[in-house]
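Protein sequences, first through last, are from chains A and B.
For what it's worth, the working numbering labels the leading residue of the first sequence as 32, then goes sequentially.
For what it's worth, the working numbering labels the leading residue of the second sequence as 32, then goes sequentially.
Where is the CB? At the ideal position from N, CA and C, for every residue including glycine.
Here's the structure, in structure tokens; my notes come after.
Protein chains: 2
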Amino acid sequence: MRISELSRRSGAPVATIKYYLRERLLPPGETTAANQAEYGEHHLRRLRLIRALVGVRGLSVSAAKEVLSGVSEHATDMHQMLGLVLGAVPAGKGEAEPAPEARAEVDELLAAAGWKVTEDAPAKRVIAENLSTLRSLGVEVDWHTLLPYARLAHETAVLDLDQLRHTDDPLEQAERALVLTVLLEPVLMALRRLAQEDESARRHGV
Amino acid sequence: MRISELSRRSGAPVATIKYYLRERLLPPGETTAANQAEYGEHHLRRLRLIRALVGVRGLSVSAAKEVLSGVSEHATDMHQMLGLVLGAVPAGKGEAEPAPEARAEVDELLAAAGWKVTEDAPAKRVIAENLSTLRSLGVEVDWHTLLPYARLAHETAVLDLDQLRHTDDPLEQAERALVLTVLLEPVLMALRRLAQEDESARRHGV
Numbered sequence: 032m033r034i035s036e037l038s039r040r041s042g043a044p045v046a047t048i049k050y051y052l053r054e055r056l057l058p059p060g061e062t063t064a065a066n067q068a069e070y071g072e073h074h075l076r077r078l079r080l081i082r083a084l085v086g087v088r089g090l091s092v093s094a095a096k097e098v099l100s101g102v103s104e105h106a107t108d109m110h111q112m113l114g115l116v117l118g119a120v121p122a123g124k125g126e127a128e129p130a131p132e133a134r135a136e137v138d139e140l141l142a143a144a145g146w147k148v149t150e151d152a153p154a155k156r157v158i159a160e161n162l163s164t165l166r167s168l169g170v171e172v173d174w175h176t177l178l179p180y181a182r183l184a185h186e187t188a189v190l191d192l193d194q195l196r197h198t199d200d201p202l203e204q205a206e207r208a209l210v211l212t213v214l215l216e217p218v219l220m221a222l223r224r225l226a227q228e229d230e231s232a233r234r235h236g237v
Numbered sequence: 032m033r034i035s036e037l038s039r040r041s042g043a044p045v046a047t048i049k050y051y052l053r054e055r056l057l058p059p060g061e062t063t064a065a066n067q068a069e070y071g072e073h074h075l076r077r078l079r080l081i082r083a084l085v086g087v088r089g090l091s092v093s094a095a096k097e098v099l100s101g102v103s104e105h106a107t108d109m110h111q112m113l114g115l116v117l118g119a120v121p122a123g124k125g126e127a128e129p130a131p132e133a134r135a136e137v138d139e140l141l142a143a144a145g146w147k148v149t150e151d152a153p154a155k156r157v158i159a160e161n162l163s164t165l166r167s168l169g170v171e172v173d174w175h176t177l178l179p180y181a182r183l184a185h186e187t188a189v190l191d192l193d194q195l196r197h198t199d200d201p202l203e204q205a206e207r208a209l210v211l212t213v214l215l216e217p218v219l220m221a222l223r224r225l226a227q228e229d230e231s232a233r234r235h236g237v
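In structure tokens form, the structure reads like this:
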């Protein structure tokens with residue numbers, strides 16, 4: 032397809048597509064004439080993914096580029112690729128440096144849950160940071176409080192991985208993992224809020 | 032306590048505290064002499080909460096002010112207050128306008144889950160938006176896909192509400208609800224990522 036059709040089907044303006052091409056976020060099309068190129072379905076798929084990363088989740092163009100190049104590189108190793116996706120997308124924007132005790136507690140939590148994860152996974156830091164902040168606000172939480180949440184998180188992860196059906200194209204599977212990780216986050220948090228409202232109404236007899 | 036001690040105990044610079052006082056985010060202290068005021072424990076508690084809302088979650092000062100004034104107003108009605116907290120804190124930053132079918136699907140999901148929530152809850156829009164985006168990326172999801180996630184979200188909400196132990200001070204309980212809603216979000220998403228990594232390692236025999 033021509034760039035105009037790519038624009039129409041993706042909803043991205045032609046100028047934006049040209050910008051992504053210049054930044055090598057999108058691979059070049061096949062040149063068919065001077066100043067004219069053909070694009071395929073994989074361009075469309077990648078373009079939609081870029082739009083989701085940049086537009087919906089607010090990643091910078093350079094962060095999106097890094098995520099995408101890593102996804103291509105590790106496309107044959109699903110676990111490796113998933114690790115990359117988990118690490119590359121920032122999970123939170125905490126400011127405070129977590130206290131060493133909070134870090135130690137996260138290790139206790141992981142041991143109690145029986146999880147084996149990368150030693151320096153960014154998500155571990157996020158948990159430690161927020162544990163510290165909650166305590167500074169006078170909320171008594173420790174890893175025991177988080178353990179039942181961890182059990183539910185595991186059930187959620189099982190659902191997540193079940194969504195990654197096998198396709199012939201490892202890149203497609205990799206992109207699917209990335210999209211699910213990123214786009215289901217706000218959905219899960221929204222579901223929690225609605226469930227809280229419902230549960231609160233039940234408990235307070237509304 | 033003096034403003035200097037308030038600064039030391041909260042970790043907020045004196046200039047920041049003065050800014051919050053000017054913006055009426057923080058109620059004034061009790062004047063003890065010209066240019067001198069005494070602050071109490073409730074100032075400290077409120078200051079920490081402001082820091083968490085502004086610093087950790089990136090709310091604007093005016094958004095934080097709105098949340099806090101609403102919390103004070105509805106402090107005696109726990110359900111009302113929780114509804115306010117759920118509505119006031121933005122749950123996502125989607126750009127696309129959700130398709131009408133996506134909105135209808137969210138209603139089907141809520142009916143299937145048996146939840147009763149406010150008709151125009153912002154969280155409903157967040158789910159519809161992300162359903163639309165996932166579909167535009169070629170991921171086949173519908174409300175049936177989300178139902179098992181909703182069941183887990185309900186179990187999470189039960190844990191959340193169990194954390195809100197009764198205290199004599201309704202304002203304290205209100206603030207606790209707000210803090211838990213806001214600060215547990217990144218923790219739950221981080222737990223999901225670690226659980227995904229662990230589950231992926233199990234499935235791919237790493």
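_Please state the DSSP three-state secondary structure of residue 122 of chain A._
Because the pLDDT of residue 122 of chain A is 43, which lies under 50, any placement of that residue in the model is unreliable, and the question is left without a value.
*Top-ranked residue by Cα proximity to residue 195 of chain A, from A:65, A:207, A:174, A:160*: A:207
_Just to make sure I have the definition right: I need the residues of chain A whose C-beta is within less than 8 Å of the C-beta of residue 186 of chain B. Which are they?_
183
*Can we say the region 140-154 of chain B touches the region 174-187 of chain B, given the rule of at least three CB pairs closer than 8 Å?*
yes
_Cutoff 7 Å: residue 69 of chain A Cβ touching any chain B Cβ_ = no
*Using alpha carbons as the reference points, say which of B:155, B:129, B:41, B:181 lies closest to residue 144 of chain B.*
B:181
*Quick one: list the residues of chain B neighbouring residue 180 of chain A, beta-carbon separation under 8 Å, in chain order.*
187, 190, 215, 218, 219, 222
*Bridge partner(s) assigned by DSSP for residue 64 of chain A*: A:67
*From what residue to what residue does the alpha helix (DSSP H) around residue 75 of chain A run?*
72-82
*What residues of chain B sit near residue 210 of chain A, judged by a beta carbon separation below 8 Å?*
165, 168, 170
*Shorter than 7 Å from the beta carbon of residue 174 of chain B to some beta carbon of chain A?*
no
*Give a yes or no on whether the C-beta atoms belonging to residue 184 of chain B and residue 222 of chain A are separated by under 7 Å.*
yes
*Is residue 42 of chain A buried or exposed, if buried means 16 or more other CB atoms sit within 10 Å of its CB?*
exposed
*If you compare alpha carbons, which of A:211, A:60, A:69 is closest to residue 161 of chain B?*
A:211
*asked:* Below 7 Å on C-beta distance, what does residue 91 of chain A contact in chain B?
replied: Residues of chain B passing the Cβ test: none, with the nearest at roughly 15 Å.
*With 16 other Cβ atoms within 10 Å as the buried cut-off, status of residue 101 of chain A*: buried
*Between the region 146-166 of chain B and the region 52-60 of chain B, do at least 3 Cβ pairs fall closer than 8 Å?*
no
_Tell me the rounded alpha-carbon separation between residue 136 of chain B and residue 186 of chain B._
22 Å
*asked:* Helix, strand or coil, according to DSSP, for residue 235 of chain B in the structure here?
replied: coil
*With C-beta atoms as the reference, is residue 129 of chain A less than 7 Å away from residue 91 of chain A?*
no
_residue 57 of chain B - containing alpha helix (DSSP H), residue span_ = Counting along the chain, residue 57 of chain B falls outside any alpha helix (DSSP H), and DSSP gives it neither H nor E.
*Any C-beta of chain B sitting closer than 7 Å to the C-beta of residue 225 of chain A?*
yes
*In terms of residues, what are the limits of the alpha helix (DSSP H) holding residue 136 of chain B?*
131-144
_Going by DSSP, what residue range makes up the alpha helix (DSSP H) through residue 104 of chain B?_
92-104
*Going by alpha carbons, who is nearest to residue 152 of chain B out of A:158, A:192, A:216, A:228?*
A:228
*Applying a beta-carbon distance threshold of less than 8 Å, which residues of chain A neighbour residue 81 of chain B?*
Per Cβ cutoff of 8 Å: no residues; residue 81 of chain B is ~11 Å from chain A at best.
*Cα separation between residue 233 of chain B and residue 49 of chain B?*
53 Å
_With H, G and I counted as helix, E and B as strand and the rest as coil, what does DSSP make of residue 189 of chain A?_
helix
_According to DSSP, simplified to helix, strand and coil, what is residue 49 of chain B?_
helix
*Rounded to a whole number of angstroms, what is the C-alpha to C-alpha distance between residue 216 of chain A and residue 94 of chain A?*
18 Å
*Proximity test, Cβ basis, 7 Å: residue 158 of chain B and chain A*: yes
*Would you kindly work out how many angstroms separate the C-alpha atoms of residue 120 of chain A and residue 213 of chain A, rounded to a whole number?*
Bear in mind that the predicted position of residue 120 of chain A carries a pLDDT of just 48, short of 50, making it unreliable; the figure below should be weighed with that in mind. So the alpha carbons of these two residues sit roughly 8 Å apart.
*Integer Cβ distance of residue 169 of chain B from residue 76 of chain A, believed to fall under 8 Å*: 7 Å
*Kindly list, in the order they appear in chain B, the residues whose Cβ is closer than 8 Å to that of residue 149 of chain A.*
228
*Give a yes or no on whether the minimum CB-CB distance between residue 231 of chain B and chain A is below 7 Å.*
yes
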